[in-house]
Amino acid sequence: MRCKSLLVVIVLFAALLASVPAALAQTDCKTIVPPSPWGPNDETGATNRVTPAVTKAAAAEIKDGKVIVMSYPLTDGIPLFGTRFSKTILTATTLAPGAALGENQLTYMEDTWLSQSHVGTHLDGMGHIGRKDCYFNQIAMGKFITQNNMTKLGLEHLKSFATRGVLVDMVKVYQQAGKFKGNAVCKKPCLEKGTVITKADIEAGLKMYNVTLREGDIVIIHTGWGNLFEQYPAQNAVYNSGEPGIGKEAGKWLVSQKIVAVGSDTWGVEVIPGEDPKEAFIVHNILITDAGIHIIENVRTDLMAAEAEQTKRSTFFFSMTVPKAVGLTGNFVGIEGIR
Amino acid sequence: MGRASQAPALREGRRRFFLWINLVWFVLLPWLAGAALVAVAQERRYTVAFANLTEEPGTTLEGTGFTGREVRESFVLAVRRYPIDLVFYDNQRDPRKALANVEDAVGRKVDLYIQYLDDAATNVKVGQRLRGAGVSVLAINTPVPDAPLYTIDNRVAGRIAGEALSEYGARNWRGLPTIGVVLGNLRSHEYRVPERAQGASEGLKRHLPTIKIIPVETHGNPAQVGPLLAKVLASHPSTKILVAAMDDASALAAKSALESAGRLPDGAIVGQGVDRSVHGGMNDRKEIDPSNRGSIVVGSVAFYLDRYGYEVLPLAMRMLRGETVAPRTVTAHRLITAANVFIEYPPYDMN
Chain A
-12 MRCKSLLVVI
-2 VLFAALLASV
8 PAALAQTDCK
18 TIVPPSPWGP
28 NDETGATNRV
38 TPAVTKAAAA
48 EIKDGKVIVM
58 SYPLTDGIPL
68 FGTRFSKTIL
78 TATTLAPGAA
88 LGENQLTYME
98 DTWLSQSHVG
108 THLDGMGHIG
118 RKDCYFNQIA
128 MGKFITQNNM
138 TKLGLEHLKS
148 FATRGVLVDM
158 VKVYQQAGKF
168 KGNAVCKKPC
178 LEKGTVITKA
188 DIEAGLKMYN
198 VTLREGDIVI
208 IHTGWGNLFE
218 QYPAQNAVYN
228 SGEPGIGKEA
238 GKWLVSQKIV
248 AVGSDTWGVE
258 VIPGEDPKEA
268 FIVHNILITD
278 AGIHIIENVR
288 TDLMAAEAEQ
298 TKRSTFFFSM
308 TVPKAVGLTG
318 NFVGIEGIR
Chain B
26 MGRASQAPAL
36 REGRRRFFLW
46 INLVWFVLLP
56 WLAGAALVAV
66 AQERRYTVAF
76 ANLTEEPGTT
86 LEGTGFTGRE
96 VRESFVLAVR
106 RYPIDLVFYD
116 NQRDPRKALA
126 NVEDAVGRKV
136 DLYIQYLDDA
146 ATNVKVGQRL
156 RGAGVSVLAI
166 NTPVPDAPLY
176 TIDNRVAGRI
186 AGEALSEYGA
196 RNWRGLPTIG
206 VVLGNLRSHE
216 YRVPERAQGA
226 SEGLKRHLPT
236 IKIIPVETHG
246 NPAQVGPLLA
256 KVLASHPSTK
266 ILVAAMDDAS
276 ALAAKSALES
286 AGRLPDGAIV
296 GQGVDRSVHG
306 GMNDRKEIDP
316 SNRGSIVVGS
326 VAFYLDRYGY
336 EVLPLAMRML
346 RGETVAPRTV
356 TAHRLITAAN
366 VFIEYPPYDM
376 N
């Protein structure tokens, strides 16, 4: 009897000990990352805001069916960091003499695409950025990664991005405020790298076109810096050397506006060099890790900025699909603004 | 309707009217005053002059690998946080130029002048002229009399390096014959390198009190490190060597010398400065890098010249707001290794 009691105590103690690491990991993430407003099992984040009502309201932005391209080409020579690459291999064997198929002489071609996912115009998913091993919705990612992908927070959990896009023309804001400082390498006006875009700047940009942000919007910020991307490969080094972008205050304010995503014609959306040299991509943490709000990088914004200036309207239907790529942290995307 | 019957009601009406007026003023005045104060507080911008030591390309400062361009850039970035308009000057390490810069700044009616010049005598004149014009002064690395000073501490920096090496030797080579080498532009009083060397020697003795320390004078020429260190290595076979290099270029040259002599397993090196020659981004693969933890360059002591703006402008703001500033603020030197380099210097070459 005494032996049995001892055994029970030992088993209970062992169970307690075994539970400690998991409990610690959970406790740590709860102190580091806020919970998702969509519940403890949420892996979707801000696209939860794209409800049928939001999409229907956004559809009202389509007035004449004009489609405006908002992605850059994805090809060799575009600005990438270090060893990043996006390469294709074409399979075209049936084009060889005598290799066509059947009486109808069918030929075909296809590609092998070897690429990192965060290249070109691309979306940062929920699993892209964390604090230590804690990611969106307090998920301790260390337990949910394999050699190939993540088993939580992958792109497959995202809902639609069919919502209203709002362009904020920061070049015009800075020009009108008399504080524009450009970069001589840009062939069109661009803000200089290191320019901190503030909440007041964004508000001024919204006011310029009489727009009030709505829950579920996607905010696209035009800085002009994307002109350096367009000049690839000539200005890749300048493009990557830094960028104008939103600062911490603006990031927090955008979170408070309950948007779905924020994009820009820069490679990181946030200001680089950052406001505090000891912080790394802190606005990514504020938006993605803490609020589940996506970042869309290298968005082509100049055409929409020109359209907005011409029509005095900066809103549009945001059309972007993201592949249901299981366990991916992000992916290149095609974006069109429909008016 | 006689006047007599109207009078009390009229008086009551007037009383109420004035009561309301008073009430409105009572509420409105503080609000207006507050709003005005906020507006003034928001609108108040300061003009601050920063006179850099020198911005000559390729000229390094303070016996480190940093240049004046990096110091200036740190001010450009740091000022984004403050209601300050910066006016830049280049002292060109020239007393006459420095005094001319001061005259120009006085003419511009700057609110505060940040002086970076390694000439104590000229700094006395600079201080007198600015005080006479009612301009506050803040000095970097070389004092201006009666002005707050922001400065590096060479002795502390040297000691941090020496202690790191001493600990390394005591931990890995206990009982084995070990010598210390203090290497660099040791007689450069201009940059107070002798203080740095003294601190390194003190630090080396922390855990190895009987260690023999050999000074190796390179006269500031890293190309001399190889041949000079080769002699030391040749005369100390089967001996472990702890190298306190006075700058990062010398640290890298010392590693090459040990490699050439086939003595890498016998050495450990710590540099001074943490400039871009020893650390970089995710794609740079520099010597101090998380993926290079096995390097015999154990680390380097940070001097943060590339963050002077972030360190000095907060002091300037406090002075401008009339707050008390300590007469001497010292750089928080620390050892940067492969384990903390990306925490201390977060890379941003990725997206």
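Line order of the protein sequences matches chains A and B. Position 71, counted from 1, in the first sequence is what this note's numbering calls 58; the numbers after and before it change by one each time, with no gaps. Position 306, counted from 1, in the second sequence is what this note's numbering calls 331; the numbers after and before it change by one each time, with no gaps. For every residue, glycine included, the Cβ atom is placed at its ideal position computed from N, Cα and C.
{"Item": "A/Gly181 burial status per 10 Å Cβ neighbour count (16 or more: buried)", "Value": "buried"}
{"Item": "Inside the stretch 277 to 349 of chain B only - alpha helix (DSSP H) runs reaching at least 4 residues", "Value": "333 to 345"}
{"Item": "Closer than 8 Å to chain B by CB, A/Leu3", "Value": "Confidence at A/Leu3 is low in this model, with a pLDDT of 46, below 50, so its placement is unreliable and no value can be given for it."}
{"Item": "Contact under 8 Å by Cβ, A/Gly314 with A/Thr138", "Value": "yes"}
{"Item": "Cβ neighbours of A/Phe131 in the same chain (closer than 8 Å, five flanking residues each side left out)", "Value": "Met137, Thr138, Lys139, Leu140"}
{"Item": "Chain-ordered chain B contacts of A/Ala267 [CB-CB under 9 Å]", "Value": "Phe367, Ile368, Pro371, Pro372, Tyr373"}
{"Item": "A/Met128 versus B/Arg288 - alpha carbon distance", "Value": "43 Å"}
{"Item": "Residue of A/Ile325, A/Ile273, A/Val155 minimising C-alpha distance to A/Met195", "Value": "A/Val155"}
{"Item": "Closest residue to A/Pro39 among A/Val198, A/Gly203, A/Thr108 (Cα-Cα distance)", "Value": "A/Gly203"}
{"Item": "Cβ-heavy atom distance, B/Asn365 to the ligand FAD, below 7 Å", "Value": "The ligand content of the structure shown is nil, which means the ligand FAD is not present either."}
{"Item": "Limits of the unbroken beta strand (DSSP E) element including A/Phe304", "Value": "302 to 308"}
{"Item": "Closest Cα partner of B/Val299 within the set B/Lys311, B/Ala293, B/Lys280", "Value": "B/Lys311"}
{"Item": "CB contact below 8 Å: A/Phe68 versus chain B", "Value": "yes"}
{"Item": "Minimum Cβ-Cβ distance from A/Ile116 to chain B less than 8 Å", "Value": "no"}
{"Item": "7 Å Cβ cut-off: residues of chain B touching A/Gly255", "Value": "Asn376"}
{"Item": "Proximity to A/Thr298 [Cα-Cα], best of A/Gln222, A/Glu48, A/Ser58, A/Gly261", "Value": "A/Glu48"}
{"Item": "Min CB distance A/Ile273 to chain B below 8 Å", "Value": "no"}
{"Item": "Residue environment, B/Val366, which counts as buried when at least 16 other CB atoms sit within 10 Å", "Value": "buried"}
{"Item": "Top-ranked residue by Cα proximity to B/Thr147, from B/Leu78, B/Val160, B/Thr349, B/Ser281", "Value": "B/Leu78"}
{"Item": "Contact set for A/Val320: own chain, Cβ-Cβ below 8 Å, skip 5 residues either direction", "Value": "Ser58, Thr108, His109, Leu110, Ile283, Met307, Thr308, Val309"}
{"Item": "Interface residues of the stretch 237 to 252 of chain A facing chain B [CB-CB below 7 Å]", "Value": "none"}
{"Item": "Cβ of B/Arg97 within 8 Å of any chain A Cβ", "Value": "no"}
{"Item": "Beta carbon proximity, A/Pro260 to chain B, threshold 8 Å", "Value": "yes"}
{"Item": "Reduced DSSP category for B/Lys265 - H, G, I as helix; E, B as strand; rest coil", "Value": "strand"}
{"Item": "Where the alpha helix (DSSP H) containing A/Tyr226 begins and where it ends", "Value": "223 to 227"}
{"Item": "Whole-Å CB distance - A/Leu274 paired with A/Val242, under 8 Å assumed", "Value": "7 Å"}
{"Item": "For B/Val73 and B/Pro173, the rounded distance between their alpha carbons", "Value": "15 Å"}
{"Item": "Element boundaries [beta strand (DSSP E), containing B/Ala74]", "Value": "71 to 77"}
{"Item": "Cβ-based neighbour list, A/Pro260, same chain, cut-off 7 Å, excluding 5 preceding and 5 following", "Value": "Gly181, Gly229"}
{"Item": "Cβ shell of B/Thr264 (< 6 Å), same chain only, five flanking positions each side left out", "Value": "Pro202, Ile204"}
{"Item": "6 Å Cβ shell around B/Pro372 - same chain, five flanking residues per side excluded", "Value": "Gly306, Met307"}
{"Item": "A/Cys215 versus A/Val172 - alpha carbon distance", "Value": "In the sequence under discussion, the amino acid at residue 215 of chain A is Leu, which differs from the Cys named in the question. Going from the Cα of A/Leu215 to the Cα of A/Val172 covers about 8 Å."}
{"Item": "Interface flag, B/Asn308 vs chain A, CB-CB below 8 Å", "Value": "yes"}
{"Item": "DSSP state of A/Trp212 mapped onto helix, strand, coil", "Value": "coil"}
{"Item": "Beta-carbon separation (whole angstroms), A/Ile246 vs A/Ile280, contact threshold 8 Å", "Value": "6 Å"}
{"Item": "Chain B contacts from the stretch 170 to 203 of chain A (Cβ-Cβ distance under 9 Å)", "Value": "Gly181, Thr182, Val183"}
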